[in-house]
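Using the numbering used here, the first residue of the sequence shown is number 11, and each one after it goes up by one. Idealized CB from N, CA, C, for every residue including glycine.
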Amino acid sequence: MSGPFAAARRGTDSALVTGERRFKDFVALRLAALAMLPALVTFASFVETWPINLAQHFSFHVWMCLSVLVALLLLLDSPRWAVALFVPLLIQSFRLAPLYAPGDTSSHLGPKLTVLELNTHRENSRTDQIVAVIERNPADVVLLVELTDWHAEAVERAMASGRLPHRALVLRPRSDGYGIGALTKLPGSGRIVELGRGAPPSVELRLLFQGQPVALLGLHAPPPLSANEAELNRTELLGAAGWARTTTVSAKIVAGDLNATRPSTWFRPLLDVGLTSAELGQGYGATWPTSLGGFGIPIDHVLFGGPLRLVKRELIEGSGSDHFGQIVTFERRLE
11 MSGPFAAARR GTDSALVTGE RRFKDFVALR LAALAMLPAL VTFASFVETW PINLAQHFSF
71 HVWMCLSVLV ALLLLLDSPR WAVALFVPLL IQSFRLAPLY APGDTSSHLG PKLTVLELNT
131 HRENSRTDQI VAVIERNPAD VVLLVELTDW HAEAVERAMA SGRLPHRALV LRPRSDGYGI
191 GALTKLPGSG RIVELGRGAP PSVELRLLFQ GQPVALLGLH APPPLSANEA ELNRTELLGA
251 AGWARTTTVS AKIVAGDLNA TRPSTWFRPL LDVGLTSAEL GQGYGATWPT SLGGFGIPID
311 HVLFGGPLRL VKRELIEGSG SDHFGQIVTF ERRLE
């Protein structure tokens, strides 16, 4: 085709291409503006303030947002904006990568030590479900967080009837969400400890597993929803790190609702003293709230150190709580 018709056709095609390019640029610019928030959260995470610490709980969600935005920008032929987001995406990927790294797969085929950590939720009246979860997931040690009077009474009845083969080392129910308790099948003792001024009660256990000592600290750190609560959370986690550093027992476990995720600032002292999170190599495992399933945040933790080796970590539900419980299995390395 030639002549004026061809010229008109070329002009129409050129206008369509120009219009499409303008539309893509329009959308890309708005996506880039939207990406400013997760990018700023990522870069601000290197600053130690309580609002930033709170934002660090959502590293997985920030990573998802950045990943989707980078993919969309590439589809819109806007590589410059996509490259600009690559650095924060890389930072968040680096933080999440240990969750998927292969762990130590060797096995000594030795006896297994199991720990069940369960936030029972203070408003949960379904005590039969709490007992049923403990019964279905037999563990050597059971840590109960947010323990109330009716939770404790139900557990005591189940132990007295023989339904639960445990004995209570510590039961300290409270109505404010900071009750705590510990059950075990192992020989040992337990006591209430305070990890800092104003900190809620924690429980310290000294147990014997296969004739060897194991120390366990169970705690519930306040949620960092205000400057004051963030300082209490920090105090509690620093106290837990101090306990892990100074305890004379080499096989040690720190467990509970820490109201912190592994990338958060206040969590780092626990790793700095040589503890290892049971999350590593297990994938992203959100523990709260149960209503969001795998899209929640992992604020319930089991950390360990010394001759203990992680075998597996499983999330469990069905207790009626707004938290998933977790049952963690360990082996003890030969020292």
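Which partner residues does residue 264 have in the DSSP bridge list? Within the sequence shown, residue 264 is the residue found at index 254, counting from 1. Residue pairing for residue 264: DSSP places it in a beta bridge opposite 227 and 313.
Nearest-angstrom Cα separation, counted from residue 46 out to residue 223: Along the sequence shown, read from residue 1 onward, the residue named residue 223 stands at position 213. Along the sequence shown, read from residue 1 onward, the residue named residue 46 stands at position 36. Between the alpha carbons of residue 223 and residue 46 lies a distance of about 51 Å.
Could you tell me whether the region 164 to 176 touches the region 239 to 255, using the rule of 3 or more Cβ pairs below 8 Å? Short answer: they don't touch.
Starting from residue 96, trace the alpha helix (DSSP H) in both directions and tell me its first and last residue. One-based indexing of the sequence shown puts residue 96 at position 86. Going by DSSP, residue 96 is part of the alpha helix (DSSP H) stretching over 96 to 106.
Can you find at least 3 beta carbon pairs, one from the region 300 to 318 and one from the region 263 to 272, that sit closer than 8 Å? These segments touch.
Residues that residue 212 bridges to, as DSSP identifies them: Residue numbering aside, residue 212 sits at position 202 when the sequence shown is read from its first letter. 203, per the DSSP bridge assignment.
Between residue 333 and chain D, is there a C-beta pair that is closer than 8 Å? Although the question refers to chain D, the structure presented lacks it and comprises just one protein chain.
Residue 207 to residue 280, Cα distance in whole Å? Start at 1 with the first residue of the sequence shown, and residue 207 comes out as number 197. Start at 1 with the first residue of the sequence shown, and residue 280 comes out as number 270. Roughly 19 Å between the two C-alpha positions.
Thinking C-alpha only, which one of 199, 94 and 210 is nearest residue 189? Residue mapping note: residue 189 aligns to position 179 of the sequence shown, counting from 1. Out of 199, 94 and 210, the CA that lies nearest to the CA of residue 189 is found in 210.
Relative to the C-alpha of residue 153, which candidate in 194, 65, 72 and 333 has its C-alpha closest? Within the sequence shown, numbered from 1, the residue matching residue 153 stands at position 143. Among 194, 65, 72 and 333, the Cα nearest to that of residue 153 is on 194.
Limits of the alpha helix (DSSP H) - the one that residue 139 falls within: For this step, residue 139 is matched to residue 129 along the sequence shown. Following the DSSP letters along the chain, one finds residue 139 inside the alpha helix (DSSP H) bounded by residues 137 to 146.
Is the distance from the Cβ of residue 297 to the Cβ of residue 327 below 8 Å? On the sequence shown, position 287 is the one that residue 297 refers to. On the sequence shown, position 317 is the one that residue 327 refers to. Taking 8 Å as the cut-off, the Cβ atoms of residue 297 and residue 327 do not count as close.
Tell whether a beta-carbon distance below 8 Å holds between residue 315 and residue 262. Translated into positions along the sequence shown, residue 315 becomes position 305. Translated into positions along the sequence shown, residue 262 becomes position 252. Going by C-beta atoms, residue 315 is nearer than 8 Å to residue 262.
Cβ-Cβ distance between residue 330 and residue 110 below 8 Å: Walking along the sequence shown from the start, residue 330 turns up at place 320. Walking along the sequence shown from the start, residue 110 turns up at place 100. Residue 110 is positioned such that its CB atom lies no closer than 8 Å to that of residue 330.
Which value, in whole angstroms, describes the spacing of the CA atoms of residue 162 and residue 191? Counted from its first residue, the sequence shown places residue 162 at position 152. Counted from its first residue, the sequence shown places residue 191 at position 181. The alpha-carbon atoms of residue 162 and residue 191 are separated by roughly 8 Å.
Residue 340: first and last residue of the uninterrupted beta strand (DSSP E) it sits in: Taking the first residue of the sequence shown as 1, we reach residue 340 at position 330. Following the DSSP letters along the chain, one finds residue 340 inside the beta strand (DSSP E) bounded by residues 335 to 342.
Residues sharing a beta bridge with residue 253, DSSP: To locate residue 253, count along the sequence shown from 1; it is residue 243. When DSSP reads this structure, residue 253 sits in no beta bridge, so it has no partner.
Between the region 50 to 67 and the region 89 to 109, are three or more C-beta pairs nearer than 8 Å? Touching, per the Cβ criterion.
For residue 141, which residues from the same chain have a beta carbon less than 6 Å from its beta carbon, with the 5 sequence-adjacent residues on both sides left out? Your numbering for residue 141 matches position 131 in the sequence shown. Answer for residue 141: 164 and 168, listed in chain order.
Taking contact to mean at least 3 C-beta pairs separated by less than 8 Å, is the region 331 to 342 in contact with the region 130 to 144? Flag = yes, the region 331 to 342 and the region 130 to 144 touch.
For residue 106 versus residue 68, is the C-beta spacing smaller than 8 Å? Counting from 1 along the sequence shown, the entry for residue 106 is found at position 96. Counting from 1 along the sequence shown, the entry for residue 68 is found at position 58. If you check the CB distance, residue 106 and residue 68 do not come in under 8 Å.
Buried or exposed (CB count within 10 angstroms, at least 16 for buried), residue 220: For the purposes of this step, residue 220 is taken as the residue at position 210 of the sequence shown. Its Cβ having fewer than 16 others within 10 Å, residue 220 is exposed.
What do you reckon, are the CB atoms on residue 342 and residue 198 nearer than 8 Å? What you label residue 342 is simply residue 332 of the sequence shown in a count that begins at 1. What you label residue 198 is simply residue 188 of the sequence shown in a count that begins at 1. Residue 198 is positioned such that its CB atom lies no closer than 8 Å to that of residue 342.
Give the DSSP-derived three-state secondary structure of residue 270 in the structure shown. If you number the sequence shown from 1, residue 270 lands on position 260. Looking at residue 270 - three-state DSSP - the assignment turns out to be coil, as it is neither helix nor strand.
With the cut-off set at 8 Å, would you say residue 335 and residue 127 are in Cβ contact? Taking the sequence shown and counting its residues from 1, one reaches residue 335 at position 325. Taking the sequence shown and counting its residues from 1, one reaches residue 127 at position 117. Cβ atoms of residue 335 and residue 127: closer than 8 Å.
Residues of its chain near residue 176, where Cβ-Cβ distance is below 7 Å and the 5 sequence neighbours each way are ignored: Numbered from its first residue, the sequence shown carries residue 176 at position 166. Within the same chain, Cβ atoms closer than 7 Å to the Cβ of residue 176 are found at 152, 169, 193, 194 and 195, the five residues on either side in sequence being excluded.
Kindly indicate which three-state DSSP category residue 66 falls into: helix, strand or coil? By 1-based counting over the sequence shown, the position of residue 66 is 56. If DSSP states are grouped into helix, strand and coil, residue 66 belongs with the helices.
Assign residue 129 to one of two classes, buried (16 or more other C-beta atoms within 10 Å of its C-beta) or exposed (fewer than that). Within the sequence shown, numbered from 1, the residue matching residue 129 stands at position 119. Classification for residue 129: buried.
Considering only residues of the same chain and omitting the five flanking positions on each side of residue 8, which have a CB-CB separation below 8 Å? A question about residue 8 goes unanswered here, because the residues of the chain that appear run from 11 up to 345.
Output the distance between the C-alpha atoms of residue 41 and residue 79, rounded to the nearest integer angstrom. For the purposes of this step, residue 41 is taken as residue 31 along the sequence shown, with counting starting at 1. For the purposes of this step, residue 79 is taken as residue 69 along the sequence shown, with counting starting at 1. So the alpha carbons of these two residues sit roughly 7 Å apart.
Can you round the beta-carbon distance between residue 213 and residue 180 to whole angstroms, since I take them to be within the 8 Å contact cut? In the sequence shown, residue 213 corresponds to position 203, counting from 1. In the sequence shown, residue 180 corresponds to position 170, counting from 1. Confirmed, about 5 Å.
What is the rounded straight-line gap between the Cα of residue 60 and the Cα of residue 266? Indexing the sequence shown from 1 puts residue 60 at position 50. Indexing the sequence shown from 1 puts residue 266 at position 256. Going from the Cα of residue 60 to the Cα of residue 266 covers about 21 Å.
Alpha-carbon to alpha-carbon, residue 134 and residue 146: Numbered from its first residue, the sequence shown carries residue 146 at position 136. Numbered from its first residue, the sequence shown carries residue 134 at position 124. Near 19 Å, if we compare the C-alpha coordinates of residue 134 and residue 146.
Helix, strand or coil: how does DSSP classify residue 196 here? Here residue 196 is taken as the residue at index 186 of the sequence shown, counted from 1. The answer is coil: DSSP assigns residue 196 none of H, G, I, E or B.
I'd like the span of the alpha helix (DSSP H) that includes residue 167, first residue to last. The count along the sequence shown starts at 1 and reaches residue 167 at position 157. Residues 159 to 170.
Spatial neighbours of residue 321 within its chain, please: CB distance less than 7 Å, with the 5 preceding and 5 following residues excluded, ordered by chain position. Start at 1 with the first residue of the sequence shown, and residue 321 comes out as number 311. If we look at residue 321 and ignore the five residues flanking it on each side, its Cβ neighbours are 122, 339, 340 and 341.
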